[in-house]
Every structure is written in structure tokens, then in C-alpha cells.
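**Q** Handing you a structure now.
Numbering (the working numbering), first residue to last: 199 to 467.
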């Protein structure tokens with residue numbers, strides 16, 4: 199999947215997420231009275247915590263475009279039962295602490311009715327317990343860490359759990375590719391760790407071996423130490439779990455160091 203296709207898919211996901219939020223709020227709105235009573239204009243406020251700055255801004259900006267498009271269409275058509283929709287944006291820069299402070303602001307100061315958030319599994323994990331405690335609905339566009347499934351009442355997501363992706367990739371590698379040995383190189387966050395463990399568990403259960411697992415931090419640019427370690431094992435296949443920015447550098451440095459396994463990777467890369 200190319201960069202343009204990924205950005206387009208993310209923008210569409212933003213529209214879908216916003217549509218789900220609107221459907222939920224519309225169902226919760228009281229029916230219009232038979233005899234209208236005078237009342238001032240009302241606005242439906244929805245929070246959106248996105249990664250608008252930092253290494254993951256490309257994803258947050260694309261989500262914002264999709265949300266803005268959906269808001270324009272809905273408000274132009276008259277809103278929801280005559281009420282205009284207003285989005286209050288907050289930036290978490292893909293950091294859990296910023297996501298928590300932004301979420302608390304939205305529900306205590308801005309009094310939003312629902313929140314679009316959790317573009318990263320790590321940020322979703324930080325705010326999902328707060329949403330459950332305060333009974334505020336969150337819909338996440340892309341969080342996929344398996345641990346998020348424990349939040350069942352007020353946290354929802356459209357991205358499937360990594361329990362599915364990791365298991366399917368392991369089965370594809372073992373059954374379709376005939377792989378019996380796969381190294382894993384993953385980003386060290388909730389998403390990367392969760393997906394790596396799911397893949398490893400399923401692949402070894404099938405009879406395969408994972409001779410090496412290495413990790414890197416989000417935002418790293420030098421991966422030569424990890425690549426050198428992987429090269430000493432020289433696995434026939436390597437499962438890369440990470441994001442666009444780091445993956446492009448990893449592939450270049452692998453080529454420079456002469457590491458040439460068959461590459462497996464995630465849906466977004």
C-alpha cells in the first residue's frame with residue numbers, strides 16, 4: 199500500500215468514525231416535542247484528540263480532514279435534529295500523558311458528548327479507563343492492542359484487535375509461505391509489543407521458531423545495532439512491525455548492512 203493510499207484510507211476512516219459518533223448521539227437525543235417550546239440554539243460538541251504534531255502527525259492530519267469533511271456535510275444539511283455539530287480538537291502528539299490531559303479537559307471544561315481519540319494503542323490505553331469511569335463514549339479509529347478489548351462499555355474501535363492480524367499473519371507465513379523461522383523487529387509500544395507476542399505465540403504453536411526479537415523506539419533513526427544482532431542470527435524471514443517513517447529507514451539500513459531476509463509486515467506498511 200503506497201503513501202497516498204494510506205493517507206486516503208485514514209481520511210475515510212475519519213469520516214466513518216465521525217459517522218458512528220453521530221449515529222450514536224442521534225439515538226441518544228430525546229424525540230422532538232409535539233408542541234415546540236422556545237429554546238436557544240444548541241450545539242452538539244464532540245471532542246477529537248488526534249496526533250497533530252510529532253512523528254505521527256501524518257495520520258492525525260488525515261483523520262482531521264475526514265472529520266472536517268463529515269462535519270461540513272452534516273451541518274450543511276441542517277445538523278442533527280436542527281443542532282449544529284462542533285468539533286473541539288486537541289493534540290496529543292501520540293503521547294499518552296498528553297492524551298490524558300486533553301481527555302480530562304474535553305469532558306470537564308468543554309463538556310463534550312463523545313470523543314474521537316486513541317489513534318495510537320498507547321494513547322487509547324491511557325484514556326479508556328477514564329472514559330469507563332466517567333461514562334463518556336470514545337471511538338478509536340486505529341487502536342488495535344488486544345488489551346483494549348477489556349473496555350467494553352464506553353470504548354469502541356473500528357480497527358480489529360491484533361489478535362486477528364497477528365494470528366492471520368502467523369498462519370499465512372507458516373501455511374502459505376512455508377516459513378519455519380521468522381525473526382521479529384517491532385516498535386516498542388502497546389501496539390508493537392502486542393502484535394509481536396500474538397504472532398510469536400501463534401507461529402510457535404504451529405511449529406515454527408522465532409530465533410530473535412528486537413525492538414526500537416518510536417522516532418528512532420539509527421537501527422544498525424539491532425540489525426547487526428539480527429544479522430548474526432540471519433533468519434530466513436523477518437516480521438517488521440512499525441510505522442512508515444521508521445520502516446523506510448530500517449529497510450535502507452538493512453540493505454546497507456547486507457541483511458536480506460524475506461520481509462513480512464503489517465497492514466499499514
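Quick reminder that beta carbons are idealized off the backbone N, C-alpha and C, glycines included.
1) Which residues in the same chain as residue 294 place their Cβ atom closer than 6 Å to its Cβ, once the five residues preceding and following it in sequence are excluded?
2) Does the Cβ of residue 250 have 16 or more other Cβ atoms within 10 Å, making it buried, or fewer, making it exposed?
3) Just to confirm, is the Cβ distance from residue 353 to residue 336 under 7 Å?
4) Check whether the region 349-363 touches the region 409-423, taking contact to mean three or more Cβ pairs, one atom from each stretch, closer than 8 Å.
5) Report the rounded CA-to-CA distance for residue 301 versus residue 318, giving the unit in angstroms.
6) Can you tell which of 334, 358, 257, 333 has its C-alpha closest to the C-alpha of residue 344?
7) Could you tell me whether the Cβ atoms of residue 409 and residue 435 are closer together than 7 Å?
8) Residue 281 lies in the beta strand (DSSP E); which residues open and close that run?
9) Can you name the start and end residues of the beta strand (DSSP E) that residue 355 belongs to?
10) How should residue 453 be labelled, buried or exposed, when 16 other C-beta atoms within 10 angstroms of its C-beta is the threshold for buried?
11) Mark residue 387 as exposed unless 16 or more other C-beta atoms lie within 10 angstroms of its C-beta, in which case mark it buried.
12) Is residue 248 helix, strand or coil by DSSP?
13) Can you round the beta-carbon distance between residue 433 and residue 379 to whole angstroms, since I take them to be within the 8 Å contact cut?
14) If the criterion is Cβ atoms closer than 7 Å, does the pair residue 286 and residue 308 meet it?
**A** Inspection of the coordinates gives the following:
1) As a first step, residue 294 must be located in the chain shown, where it is residue number 96. Hits under 6 Å: 320, 321, 324.
2) Taking the chain shown and counting its residues from 1, one reaches residue 250 at position 52. Looking at its Cβ environment, which holds 16 or more other Cβ atoms inside 10 Å, residue 250 is buried.
3) On the chain shown, position 155 is the one that residue 353 refers to. On the chain shown, position 138 is the one that residue 336 refers to. Yes, the pair counts as a contact, with Cβ atoms nearer than the cut-off.
4) They do not touch, by the three-pair rule.
5) Along the chain shown, one-based indexing puts residue 301 at 103. Along the chain shown, one-based indexing puts residue 318 at 120. Answer to the nearest angstrom: the Cα atoms are 14 Å apart.
6) Translated into positions along the chain shown, residue 344 becomes position 146. Nearest C-alpha to residue 344: 358.
7) For the purposes of this step, residue 409 is taken as residue 211 along the chain shown, with counting starting at 1. For the purposes of this step, residue 435 is taken as residue 237 along the chain shown, with counting starting at 1. No.
8) For the purposes of this step, residue 281 is identified with residue 83 of the chain shown, where counting begins at 1. Run containing residue 281: none; DSSP gives neither H nor E here.
9) Your numbering for residue 355 matches position 157 in the chain shown. DSSP places residue 355 in the uninterrupted beta strand (DSSP E) bounded by 353-355.
10) In the chain shown, the residue the question calls residue 453 occupies position 255. Residue 453 counts as exposed, since fewer than 16 other beta carbons sit within 10 angstroms of its beta carbon.
11) Along the chain shown, read from residue 1 onward, the residue named residue 387 stands at position 189. By the 10 Å Cβ count, residue 387 comes out buried.
12) Translated into the one-based positions of the chain shown, residue 248 becomes position 50. Correct three-state label for residue 248: strand.
13) Working through the chain shown from its first residue, we reach residue 433 at position 235. Working through the chain shown from its first residue, we reach residue 379 at position 181. 5 Å between Cβ atoms; contact.
14) For this step, residue 286 is matched to residue 88 along the chain shown. For this step, residue 308 is matched to residue 110 along the chain shown. Cβ distance < 7 Å, so residue 286 and residue 308 count as in contact.
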